[in-house]
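In order, the protein sequence lines correspond to chains L and H. Under the numbering used here, the letters of the first sequence match residues 811 to 921, in that order. Under the numbering used here, the letters of the second sequence match residues 197 to 311, in that order. The beta-carbon is built from N, C-alpha and C at its ideal position, and this holds for glycine as well. Bear in mind the structure is a predicted one, so any value in this text is a computation, not a measurement. Taking it in order: structure first as structure tokens, then the write-up.
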Amino acid sequence: GENVEQHPSTLSVQEGDSAVIKCTYSDSASNYFPWYKQELGKRPQLIIDIRSNVGEKKDQRIAVTLNKTAKHFSLHITETQPEDSAVYFCAASKRSYIPTFGRGTSLIVHP
Amino acid sequence: GAVVSQHPSRVICKSGTSVKIECRSLDFQATTMFWYRQFPKKSLMLMATSNEGSKATYEQGVEKDKFLINHASLTLSTLTVTSAHPEDSSFYICSAPDRERDGYTFGSGTRLTVV
């Protein structure tokens with residue numbers, strides 16, 4: 811089955827800095843890579859996703875890059891703000907298959 | 197977009213009792229529902245996959261007799277924690293495929309505390 815590794819487990823940055831979270835996956839057939847933000851006690855919220863036919867996608871301060879050859883994808887958050895503090899999960903799946911989640915990254919943005 | 201309503205959001209129960217958690221798809225038909233368990237500061241651990249009209253598929257190590265899953269209709273899936281013990285205390289969350297976006301939508305989660 812799919813195996814998703816996510817690093818780092820904890821990331822602490824100063825407000826205004828950039829944050830990068832990296833994930834690798836094992837199944838070359840995976841073609842959908844969503845990123846979720848989860849605040850304490852709440853449901854994961856989709857913040858951005860990318861499909862295997864695209865190398866990069868950007869939405870305001872958030873961007874995701876995908877390297878299919880190396881089987882890794884990354885989340886980039888620029889100009890971080892305290893409200894970006896949360897746990898971020900990456901996931902990988904094949905179309906309509908069960909997503910496999912990474913272990914999560916706790917992002918802390920210090921004012 | 198697709199919305200999954202999950203209830204209750206919080207429940208406290210005594211050891212030995214059973215608790216039912218419901219997930220309803222509000223504006224779409226969820227033929228499949230994923231049930232996850234999440235420990236504090238940990239990732240989502242898939243417990244089982246329910247499919248409307250058929251038996252749920254449980255992940256390795258998950259007791260099917262303890263975590264009863266029913267998916268009797270296209271809009272409702274339930275997870276019943278039977279004979280609950282303190283170690284069953286956790287955050288349980290459901291998720292359904294969002295066919296419109298070809299992604300997944302989550303319920304709001306249930307915080308179960310067994311005392």
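So which residues of chain L does residue i contact, with C-beta pairs closer than 9 Å?
| i | result |
| --- | --- |
| H:Phe230 | Ile908 and Pro909 |
| H:Gly257 | Chain L residues near H:Gly257: none, gap ~14 Å exceeds 9 Å. |
| H:Thr245 | Ile908 |
Measuring only between beta-carbons, confirm whether residue i sits less than 8 Å from chain H.
| i | result |
| --- | --- |
| L:Pro854 | yes |
| L:Gly811 | no |
| L:Phe899 | yes |
| L:Pro818 | no |
List the DSSP bridge partners of residue i.
| i | result |
| --- | --- |
| H:Thr276 | H:Lys216 and H:Leu264 |
| L:Tyr846 | L:Leu856 and L:Phe899 |
| H:Leu240 | H:Gln234 |
| L:Gln824 | L:His920 |
| H:Glu255 | DSSP output for H:Glu255 lists no bridge partner at all. |
| L:Ile831 | L:Leu885 |
| H:Ala292 | H:Thr301 |
Between which two residues does the beta strand (DSSP E) carrying residue i extend?
| i | result |
| --- | --- |
| L:Asn877 | Ile872 to Asn877 |
| L:Val814 | Val814 to His817 |
| H:Gly299 | Gly299 to Phe302 |
| H:His340 | Residue 340 of chain H falls outside the range modelled here, since chain H spans only 197 to 311, and no answer is possible. |
| L:Ser884 | His882 to Ile887 |
| H:Thr306 | Thr306 to Val310 |
| L:Lys868 | Glu866 to Asp869 |
So residue i contacts chain H; which residues on that side make the cut at Cβ distance below 9 Å?
| i | result |
| --- | --- |
| L:Asp837 | Result: empty, since nearest Cβ-Cβ is about 15 Å, beyond 9 Å. |
| L:Pro844 | Gly299 and Tyr300 |
By Cβ distance, which residues of its chain are closer than 7 Å to residue i, with the 5 residues on each side in sequence left out?
| i | result |
| --- | --- |
| H:Thr245 | Thr228, Phe230, Ala252 and Thr253 |
| L:Ser840 | Glu812, Ala902, Ser903 and Lys904 |
| L:Ala829 | Leu821, Val823, Ile887, Thr890 and Leu917 |
| H:His203 | Glu218 |
Name the chain H residues whose beta carbon is nearer than 7 Å to that of residue i?
| i | result |
| --- | --- |
| L:Asp859 | Gly299 |
| L:Arg913 | Ser239 |
Taking Cβ positions only, does residue i come closer than 8 Å to chain L?
| i | result |
| --- | --- |
| H:Lys237 | yes |
| H:Ile289 | yes |
| H:Arg307 | yes |
| H:Leu272 | no |
Under 6 Å Cβ to Cβ from residue i, same chain only, skipping five residues before and after it: list those, please.
| i | result |
| --- | --- |
| H:Asn266 | Thr274 |
| L:Cys900 | Gln816, Cys833, Trp845 and Gly912 |
So which residues of chain H does residue i contact, with C-beta pairs closer than 8 Å?
| i | result |
| --- | --- |
| L:Ser916 | Lys237 |
Residues of chain L with CB closer than 7 Å to the CB of residue i, please, in chain order.
| i | result |
| --- | --- |
| H:Phe302 | Arg853 and Pro854 |
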